[in-house]
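Shown next, in structure tokens, is the structure this report addresses.
Protein chains: 2
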Amino acid sequence: MSEGVEWALHSCLNLAWAEQQAVPARKLAAFYDLPPAYLNRQLQALARAGIVTSTSGPRGGFRLARSPEQITLLDVVVAIEGEQDAFRCQQIMRDGPGGRSDVDYRKHCLVSQAMRRAELAWRRELATQTLADIKDSVESRHPDAPRVARNQLDTPAR
Amino acid sequence: MSEGVEWALHSCLNLAWAEQQAVPARKLAAFYDLPPAYLNRQLQALARAGIVTSTSGPRGGFRLARSPEQITLLDVVVAIEGEQDAFRCQQIMRDGPGGRSDVDYRKHCLVSQAMRRAELAWRRELATQTLADIKDSVESRHPDAPRVARNQLDTPAR
DNA sequence: GATACAGTACTCGGATAGGACATGTCCGAGTGCTACGGG
DNA sequence: CCCGTAGCACTCGGACATGTCCTATCCGAGTACTGTATC
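Protein chains in written order, with full-length UniProt numbering: chain Y, 1 to 158; chain A, 1 to 158.
Following this line, the structure appears as structure tokens:
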């Protein structure tokens, strides 16, 4: 799995703490000392998925497109990794003895079904947890986290 | 995820139907029209993991190292994909504000914990299902599957 | 006929290329701010 | 003092290199079989 997922999740948390203030990729990258241009690329993926909105120009940047309660971890993972499952059945049974080309073995092959069951368990777990859940957990353990984040992210007064 | 996982699972099933007769990689590959040398590589990984045993020379090949009841899908996946998790925390919080280099954020970072929860659900589902489960399901749905497999895999009498 | 032995064909195992995707970087299009000049 | 406007700095967005891992292949080491010659 791409490490961009980790970056995206932490960045979304920071965006949540930034309230609705637009934060440029440069600042989100500086927060964890990440390559700014590359993080920008991941944030673009989040924008395409409708998780964040982007604004160009000065005072521009990214902000959450909806409240953290309505953003699941699965949303973020899918935005970065893509829709397709990790295990994708190649339907090799079609070339086996008795294989039919008019059968969709992604549904009928029992190996595929078993792997899909595991994949669904994974997705269900990710879909259960929202960004707000993690945010609340962090805040209850580190009450000053929001203040620290805002301090780092807010544009310094000129 | 590597497609070698799919090949390995189907090949293990075929090895189960071959009973304890050694089957060379060439025949397992011919079963689904796969590249023989590359499948051999995957089978080597299974051998290193102790899932199958290998025998060189004529009448040699691979056979299951233990009964299908004692081989979980997780065993096969780990043998091919490796031990490490799909999501591996890079501990970017170490470079963030208040980050400590003496803290293992793979355990303490809540993002990492949430991702790990999902990963554990996935692994648990894979560890629950054994090769025997799939084998029995296939046999109950296609009673002639074992015979077809043995027909294809057994060395023709000379 | 039984046996020893050399040759052979077959198999795994690891070393070796090729290609696809993740990673990382750079520059252009667009936008809002800012400062200046005029009314 | 207020307003319009030109310039500018900043941001995203996509196009362009680089590295790493999956995919695929080939050849050598080892082994069991087979056939033959000998006793």
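We put the CB at the ideal spot given by N, CA and C, even for glycine.
These numbers come from a predicted model, not from an experiment.
C-beta neighbour in chain A for residue i, strict 7 Å
i, result
"E69 of chain Y", "no"
"S2 of chain Y", "no"
"P146 of chain Y", "no"
"L28 of chain Y", "no"
"F62 of chain Y", "no"
"E19 of chain Y", "no"
"E139 of chain Y", "no"
"L46 of chain Y", "no"
"Q90 of chain Y", "yes"
"A49 of chain Y", "no"
"L153 of chain Y", "no"
"Q42 of chain Y", "no"
Assigned exposure category for residue i - 16 Cβ within 10 Å defines buried
i, result
"V111 of chain A", "buried"
"Q20 of chain A", "exposed"
"G96 of chain Y", "buried"
"A18 of chain A", "buried"
"V103 of chain Y", "exposed"
"R123 of chain A", "buried"
"residue 160 of chain Y", "Here chain Y has residues from 1 to 158 only, and residue 160 of chain Y is not among them."
"Q70 of chain Y", "exposed"
Backbone secondary structure at residue i - three-state DSSP
i, result
"R63 of chain A", "strand"
"S112 of chain A", "helix"
"S2 of chain A", "coil"
"A157 of chain A", "In this prediction, A157 of chain A scores a pLDDT of 38, lower than 50, which makes its location untrustworthy; the coordinate-derived value is nonetheless stated afterwards. Coil."
"S54 of chain A", "strand"
"V23 of chain A", "strand"
Residues near residue i in its chain [Cβ-Cβ closer than 7 Å; skip 5 each side]
i, result
"R106 of chain Y", "C89, Q91 and S112"
"P68 of chain A", "A16, T130, L131, A132 and K135"
"A65 of chain Y", "G50, I51, V52 and T53"
"P35 of chain A", "A29"
"M115 of chain Y", "F87"
"M1 of chain A", "E81"
"D33 of chain A", "none"
"A121 of chain Y", "none"
C-beta neighbour in chain Y for residue i, strict 7 Å
i, result
"W122 of chain A", "yes"
"Y32 of chain A", "yes"
"S101 of chain A", "no"
"A37 of chain A", "no"
"D104 of chain A", "no"
"S11 of chain A", "no"
"D136 of chain A", "no"
"G82 of chain A", "no"
"D75 of chain A", "no"
"R116 of chain A", "no"
"G96 of chain A", "yes"
Cβ-based neighbour list, residue i, same chain, cut-off 6 Å, excluding 5 preceding and 5 following
i, result
"A47 of chain A", "S54"
"N40 of chain A", "A25"
"A149 of chain A", "N14 and W17"
"L27 of chain A", "Residue identity differs from the one stated: residue 27 of chain A is Lys in this sequence, not Leu. L153."
Sequence-distant residues of the same chain with beta carbon closer than 8 Å to residue i, five excluded per side
i, result
"V23 of chain A", "N14, L15, G61, F62, R63 and L153"
"A45 of chain A", "G4, A8, A79 and I80"
"L126 of chain A", "T72, L73, L74 and V77"
"R100 of chain Y", "R94"
"E119 of chain A", "D85, A86 and F87"
"H108 of chain Y", "none"
Item to check | Inter-stretch contact at 8 Å, needing at least 3 Cβ pairs: the region 7-26 of chain A / the region 70-84 of chain A | outcome: yes
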